Amino acid sequence: MTLESAIAQHGGQGTTAATAFLNLSRHQREELLRFLKSL
């Protein structure tokens with residue numbers, strides 16, 4: 000499972016955040032994923 004698919008599959012309280020993530024541009028998603036991988 001990738002970080003992107005894990006975020007997209009969140010339900011319940013995570014639905015709003017997952018929807019916001021999916022609404023980001025491709026570049027914004029790539030930047031966010033790069034940040035998360037650096038943690």
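So the sequence shown is numbered by numbering that gives the first Met the number 0: it starts at 0 and just counts up by one.
Cβ atoms here follow ideal geometry from the backbone N, Cα and C, with glycine treated the same way.
All values reported here derive from a predicted model rather than from experimental measurement.
Tell me the rounded alpha-carbon separation between residue 38 and residue 25.
20 Å
Start-to-end residues for the alpha helix (DSSP H) that takes in residue 2:
2-7
Residue range of the unbroken alpha helix (DSSP H) whose run includes residue 12:
Per DSSP, residue 12 belongs to no alpha helix (DSSP H) and is neither H nor E.
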